[in-house]
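**Student:**
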Amino acid sequence: MIVVMEQNATEEQIQHMTERVQSLGLKAHVIQGTERTVIAAVGDERVTKASSLESGPGVAEVMPILAPYKVASKELKSEPTRIKVLDYQAGAGVVGVMAGPCSVENEEQIVSSAKAVKKAGATALRGGAFKPRTSPYSFQGMKEEGLKLLALAREETGLAVVTEVMTSEEVDLVAKYADVLQIGARNMQNYRLLEAVGKSDRAVLLKRGASATVDEFLLAAEYVLNEGNPNVMLCERGIRTFEGHTRFTLPLATVPYLHKKTHLPVIIDPSHGTGHAYMVPDMSVAAVAAGADGLIIEVHPTPETAASDGYQTLSFDQFESTMARCQKVAAACDKEVCTMPQ
Ligand code: PEP
Ligand code: MN
Numbered sequence: 000m001i002v003v004m005e006q007n008a009t010e011e012q013i014q015h016m017t018e019r020v021q022s023l024g025l026k027a028h029v030i031q032g033t034e035r036t037v038i039a040a041v042g043d044e045r046v047t048k049a050s051s052l053e054s055g056p057g058v059a060e061v062m063p064i065l066a067p068y069k070v071a072s073k074e075l076k077s078e079p080t081r082i083k084v085l086d087y088q089a090g091a092g093v094v095g096v097m098a099g100p101c102s103v104e105n106e107e108q109i110v111s112s113a114k115a116v117k118k119a120g121a122t123a124l125r126g127g128a129f130k131p132r133t134s135p136y137s138f139q140g141m142k143e144e145g146l147k148l149l150a151l152a153r154e155e156t157g158l159a160v161v162t163e164v165m166t167s168e169e170v171d172l173v174a175k176y177a178d179v180l181q182i183g184a185r186n187m188q189n190y191r192l193l194e195a196v197g198k199s200d201r202a203v204l205l206k207r208g209a210s211a212t213v214d215e216f217l218l219a220a221e222y223v224l225n226e227g228n229p230n231v232m233l234c235e236r237g238i239r240t241f242e243g244h245t246r247f248t249l250p251l252a253t254v255p256y257l258h259k260k261t262h263l264p265v266i267i268d269p270s271h272g273t274g275h276a277y278m279v280p281d282m283s284v285a286a287v288a289a290g291a292d293g294l295i296i297e298v299h300p301t302p303e304t305a306a307s308d309g310y311q312t313l314s315f316d317q318f319e320s321t322m323a324r325c326q327k328v329a330a331a332c333d334k335e336v337c338t339m340p341q
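Reminder that position 97 of the sequence shown reads as 96 in numbering that gives the first Met the number 0, one-by-one numbering, no gaps.
(1) Tell me the DSSP bridge mates of I267?
(2) Would you kindly check if the distance between the Cβ of L180 and the Cβ of L158 is under 7 angstroms?
(3) Leaving out the 5 sequence neighbours to the left and right, which residues in its chain are closer than 8 angstroms to E35 when beta-carbon positions are compared?
(4) Within the chosen definition, does the segment 204-223 reach the segment 67-79 through at least 3 CB pairs nearer than 8 angstroms?
(5) Would you mind listing the alpha helix (DSSP H) stretches within the segment 123-179 that are 4+ residues and don't spill past its ends, in chain order?
(6) Nearest-angstrom Cα distance between T312 and L205?
(7) Please indicate yes or no: does the CB of C101 lie closer than 6 angstroms to some heavy atom of the ligand MN?
(8) Going by beta-carbon coordinates alone, are A40 and A49 separated by less than 7 angstroms?
(9) Would you check whether the ligand PEP has a heavy atom nearer than 6 angstroms to the C-beta of H271?
(10) Would you report the Cα separation of D43 and R191, rounded to the nearest angstrom?
(11) Pull up the distance between the alpha-carbon of I238 and that of N186, whole angstroms please.
(12) For the putative contact between A128 and A98, defined by C-beta atoms under 8 angstroms, what is the C-beta separation to the nearest angstrom?
(13) Does the beta-carbon of D308, which I'm using as the reference point, lie nearer than 6 angstroms to any heavy atom of the ligand MN?
(14) Taking DSSP's pairing of strands, which residues face E60 in a bridge?
(15) Shorter than 6 angstroms, the distance from the beta carbon of A184 to the closest heavy atom of the ligand PEP, or not?
(16) Considering only the alpha carbon of each residue, which of Q326, V84, E319, A91 lies closest to A115?
(17) Per the contact definition of three or more C-beta pairs closer than 8 angstroms, is the segment 237-251 in contact with the segment 97-112?
(18) Under the assumption that V196 contacts N228 (Cβ atoms under 8 angstroms), give the Cβ distance between them as a whole number of angstroms.
(19) What separation, rounded to the nearest whole angstrom, lies between the Cα atoms of A323 and S283?
(20) Roughly how many angstroms separate the alpha carbons of A89 and K327, rounded to a whole number?
(21) With DSSP collapsed to three states, give me the class of G95.
(22) For a test of the three-state rule: what should DSSP assign to Q188, helix, strand or coil?
(23) Determine the DSSP secondary structure at Y87, reduced to helix, strand or coil.
(24) Taking A330 as part of the alpha helix (DSSP H), name the residues at either end of that continuous run.
(25) Determine the contact status of A209 and A184, defining contact as a CB-CB distance below 7 angstroms.
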């Protein structure tokens, strides 16, 4: 249910209705829109007494939320959400770019990557410290040492740090160093992990599972939102199909579909989405043209020697020219690529 408050509803009335929703055993999510405040009453759909909320003080109307995902739905919040983390911003007309190596390898590699991607126009640094690798014999990441190096790179550049957390037990540890918690494609349906990051005060970058439908993806986001964390970004990183010319198939139609269904920002990952460095610049530009609110791109000082995903990783020069193209396309689409002081 959505409890739509009257335009001139007082703080007291909003508080009263929030408590009424909670007294029915439902979770109350208060969303302050530009025009009016709505309270999402979500939980067990068998609670029928919710319609009695209509007679509460300051209530304009009570409506059902038809989408299976509630807090993520545009029915609840029609204006797009902009996520802000340090100088990084994404959504509602601003395109935010995260870039950096697939894995943190050493201080020199991560600090030089941070400086280069910042110079080219990124506002967040990516780098995996806990790596979900298909083979147990592949490099598994530097773990806490890697997190410390990411925090050092943030100190040197001011870039927001985005890095993956793989288990609910490690959320506090990763959140100690990171600004954005990345949930990897392999974990999109790890519901206990989604709930754990939902309880964190860090923004979340949720990647789509390689074989998940977009509606399952939205329901995964709902797990995070329902725990009270409103700062969720949806990342399309490609899905598994019969195609062999790319590592995954990167469906850009996801962008307009998600914009129709949700207020959350949509980020495109052209690196994992294609698996080939030569495709990344064109697909980055295409993603911005399709309306993406952000990009996450793998960049390394020497892609050839990268500990993971080198084949889909851009060099500093390639990233710089990709950013210049993206900025032009964003401007042509009446958007801007988010910037920060150099
Ligand atoms: C990554 O970002 O390096 C990664 C492992 O991504 P995904 O979860 O999309 O495979
Ligand atoms: Mn990678």
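For each residue, glycine too, the CB sits at the ideal point set by N, CA and C. Keep in mind it's a predicted model, so treat the numbers as computed, not measured.
**Tutor:** Looking at the coordinates:
(1) Your numbering for residue 267 matches position 268 in the sequence shown. Answer is E235, L294.
(2) In the sequence shown, the residue the question calls residue 158 occupies position 159. In the sequence shown, the residue the question calls residue 180 occupies position 181. Not in contact: L158 and L180 (Cβ atoms no closer than 7 angstroms).
(3) Locating residue 35 in the sequence shown gives position 36, counting from the first residue. The sequence shown places Arg at residue 35, not Glu. Closer than 8 angstroms at Cβ, skipping near neighbours: V3, M4, E5, Q6, A8, A59.
(4) The answer is yes - the segment 67-79 touches the segment 204-223, with three or more Cβ pairs under 8 angstroms.
(5) 143-156, 170-176
(6) Taking the first residue of the sequence shown as 1, we reach residue 312 at position 313. Taking the first residue of the sequence shown as 1, we reach residue 205 at position 206. Each residue's Cα considered, the two are about 21 angstroms apart.
(7) In the sequence shown, counting from the first residue as 1, residue 101 sits at position 102. Yes, the Cβ of C101 comes within 6 angstroms of a heavy atom of the ligand MN.
(8) Taking the first residue of the sequence shown as position 1, residue 40 is located at position 41. Taking the first residue of the sequence shown as position 1, residue 49 is located at position 50. Yes, the pair counts as a contact, with Cβ atoms nearer than the cut-off.
(9) For the purposes of this step, residue 271 is taken as the residue at position 272 of the sequence shown. Indeed, a heavy atom of the ligand PEP lies less than 6 angstroms from the Cβ.
(10) Taking the first residue of the sequence shown as 1, we reach residue 43 at position 44. Taking the first residue of the sequence shown as 1, we reach residue 191 at position 192. Cα-Cα distance, rounded: 19 angstroms.
(11) In the sequence shown, residue 238 corresponds to position 239, counting from 1. In the sequence shown, residue 186 corresponds to position 187, counting from 1. Distance between the alpha carbons of I238 and N186: 14 angstroms.
(12) Here residue 128 refers to the residue found at position 129 of the sequence shown. Here residue 98 refers to the residue found at position 99 of the sequence shown. No, A128 and A98 are not in contact; Cβ-Cβ is about 16 angstroms, not under 8 angstroms.
(13) Taking the first residue of the sequence shown as position 1, residue 308 is located at position 309. Indeed, a heavy atom of the ligand MN lies less than 6 angstroms from the Cβ.
(14) As a working note, residue 60 is residue 61 in the sequence shown. DSSP output for E60 lists V3 as bridge partner(s).
(15) Here the question's residue 184 lines up with position 185 in the sequence shown. Answer for A184: yes, Cβ within range of the ligand PEP.
(16) One-based indexing of the sequence shown puts residue 115 at position 116. Comparing Cα positions, the closest option is E319.
(17) No: fewer than three Cβ pairs fall under 8 angstroms.
(18) As a first step, residue 196 is located in the sequence shown; it is residue number 197 there, counting from the start. As a first step, residue 228 is located in the sequence shown; it is residue number 229 there, counting from the start. That pair is a contact at about 7 angstroms.
(19) Taking the first residue of the sequence shown as position 1, residue 323 is located at position 324. Taking the first residue of the sequence shown as position 1, residue 283 is located at position 284. Cα to Cα, A323 sits roughly 11 angstroms from S283.
(20) Numbered from its first residue, the sequence shown carries residue 89 at position 90. Numbered from its first residue, the sequence shown carries residue 327 at position 328. Distance between the alpha carbons of A89 and K327 is about 17 angstroms.
(21) Taking the sequence shown and counting its residues from 1, the one referred to as residue 95 is at position 96. Residue state, collapsed to three classes: strand.
(22) By 1-based counting over the sequence shown, the position of residue 188 is 189. Note: Q188 maps to coil in three-state DSSP.
(23) Here the question's residue 87 lines up with position 88 in the sequence shown. Note: Y87 maps to strand in three-state DSSP.
(24) The residue given as residue 330 occupies position 331 in the sequence shown. A330 -> alpha helix (DSSP H) spans 315-331.
(25) Residue 209 sits at position 210 when you count from the first residue of the sequence shown. Residue 184 sits at position 185 when you count from the first residue of the sequence shown. For A209 and A184, yes; Cβs fall inside 7 angstroms.
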